[in-house]
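In this text, residue positions in the sequence shown follow the numbering used here: the first is -4, and each later residue adds one. C-beta atoms are modelled at their ideal positions from N, C-alpha and C, and glycine is treated no differently. None of these values were measured; they are calculated from a predicted model. Report on the structure given below.
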Amino acid sequence: MPHEHYHKWYSPRLGRDIEVLAFGTRGYPVILFPTSMGHYYENKDFKLIDSVAWFLDEGLVKIYCVDGIDELSWYNKGIHPADRVRNHIWYDQMLLEELVPLAQHETGVKRVATAGCSFGGYHATNFGFRHPEVVKYVFNMGAAFDIKDQLDGYYDDNVYFNNPLDFMPNAQNPYFADMYVVLGTGTHDMCWDANVKMANVLQNKGVNYWLDVRQNAPHDWPAWREMFPHYLSLIPINKNLS
């Protein structure tokens, strides 16, 4: 069984505790997000961690399963859409200023990988494209990328800069040049079209990507458990990691 360590701390950005399950003792750092309204233990419970046990046991990667706050942000229908977005921005700042520095310190790697399934792929992609100076790899499995459906028609600059399909066509950052993005989907995946759209955006931007369309793959954990180890194998472990 992979080594497991539980982290919990008070986040001044969120004004609440944040919980993280870290797997492995060393290796390339991967921040792994839960699906819609999921929490830090979800990827373990659905055996996504088991699917990459070899990488963890060999010390090739260290995975940080971070808690989500979707119920306070994108899925919080009890507050104004502008506040939903602002709550997400605080989450983004927690990742940038609290979790990423922890991963950098523990692994010695400057630019981490992000990964996620379904809406977790939105988080992985949005954070990666907003902060490419600290993210080099983005691994998506059945990802969704457009959060406008969660906002009841509301739109402002904060929405724009947290909706990758909107902001990426105009974004400029030299770190995009050596990012690598995997868009994993399947012919039976309800998010297939979203991945094709994102692939077109990345093609036009000149961002290195792979649109991996798997025959008959559904939008479900069995497909994602097959994808994740394949994608981790793409990290050039024995080369310059940062």
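- Task: Below 8 Å on the Cβ atoms is my guess for residue 131 versus residue 173; work out the distance and round it to an integer in Å.
- Result: As a position in the sequence shown, residue 131 is number 136, starting the count at 1. As a position in the sequence shown, residue 173 is number 178, starting the count at 1. The pair is a contact, with the Cβ atoms about 7 Å apart (cut-off 8 Å).
- Query: Among 204, 113, 215, which residue has its Cα nearest to the Cα of residue 29?
  - Reply: The count along the sequence shown starts at 1 and reaches residue 29 at position 34. The shortest C-alpha separation from residue 29 is found at 113.
- Message: Going by beta-carbon coordinates alone, are residue 168 and residue 178 separated by less than 7 Å?
- Response: Reading the sequence shown from its first residue, position 173 is the one you call residue 168. Reading the sequence shown from its first residue, position 183 is the one you call residue 178. Taking the C-beta atoms as reference points, residue 178 is found no nearer than 7 Å to residue 168.
- Message: Quick check on the DSSP output: what are the complete alpha helix (DSSP H) runs of length 4 or more inside the segment 156 to 234, in order along the chain?
- Response: 159 to 162, 187 to 200, 216 to 227
- Query: residue 43: buried (16+ other C-beta within 10 angstroms of its C-beta) or exposed?
  - Reply: Locating residue 43 in the sequence shown gives position 48, where the first residue counts as 1. Per the 10 Å Cβ criterion, buried.
- Item | Complete runs of the beta strand (DSSP E) confined to the segment 27 to 115 [at least 3 residues] | 56 to 61, 107 to 112
- Would you call the segment 88 to 100 and the segment 22 to 38 in contact, with 3 or more CB pairs under 8 Å? By the criterion of at least three beta-carbon pairs nearer than 8 Å, the segment 88 to 100 is in contact with the segment 22 to 38.
- Query: Straight-line CA distance for residue 72 to residue 232?
  - Reply: In the sequence shown, residue 72 corresponds to position 77, counting from 1. In the sequence shown, residue 232 corresponds to position 237, counting from 1. Rounded to the nearest angstrom, the two C-alpha atoms are 43 Å apart.
- Decide if residue 226 is buried, meaning its Cβ has at least 16 other Cβ atoms within 10 Å, or exposed. As a first step, residue 226 must be located in the sequence shown, where it is residue number 231. Classification of residue 226: buried, given that the 10 Å Cβ count is 16 or more.
- Query: Could you give the distance in angstroms between the alpha-carbon of residue 52 and the alpha-carbon of residue 35?
  - Reply: Reading the sequence shown from its first residue, position 57 is the one you call residue 52. Reading the sequence shown from its first residue, position 40 is the one you call residue 35. In this structure, the straight-line span from the alpha carbon of residue 52 to that of residue 35 is close to 20 Å.
- Task: Could you give the DSSP three-state label for residue 124: helix, strand or coil?
- Result: Here the question's residue 124 lines up with position 129 in the sequence shown. Note: residue 124 maps to helix in three-state DSSP.
- Given a cut-off of 7 Å, decide if residue 11 and residue 85 are closer than it, judged by their beta-carbon atoms. As a position in the sequence shown, residue 85 is number 90, starting the count at 1. As a position in the sequence shown, residue 11 is number 16, starting the count at 1. Result no, Cβ atoms of residue 85 and residue 11 do not sit closer than 7 Å.
- Item | Backbone secondary structure at residue 119 - three-state DSSP | Position 124 of the sequence shown, counting from 1, holds the residue named residue 119. Helix at residue 119.
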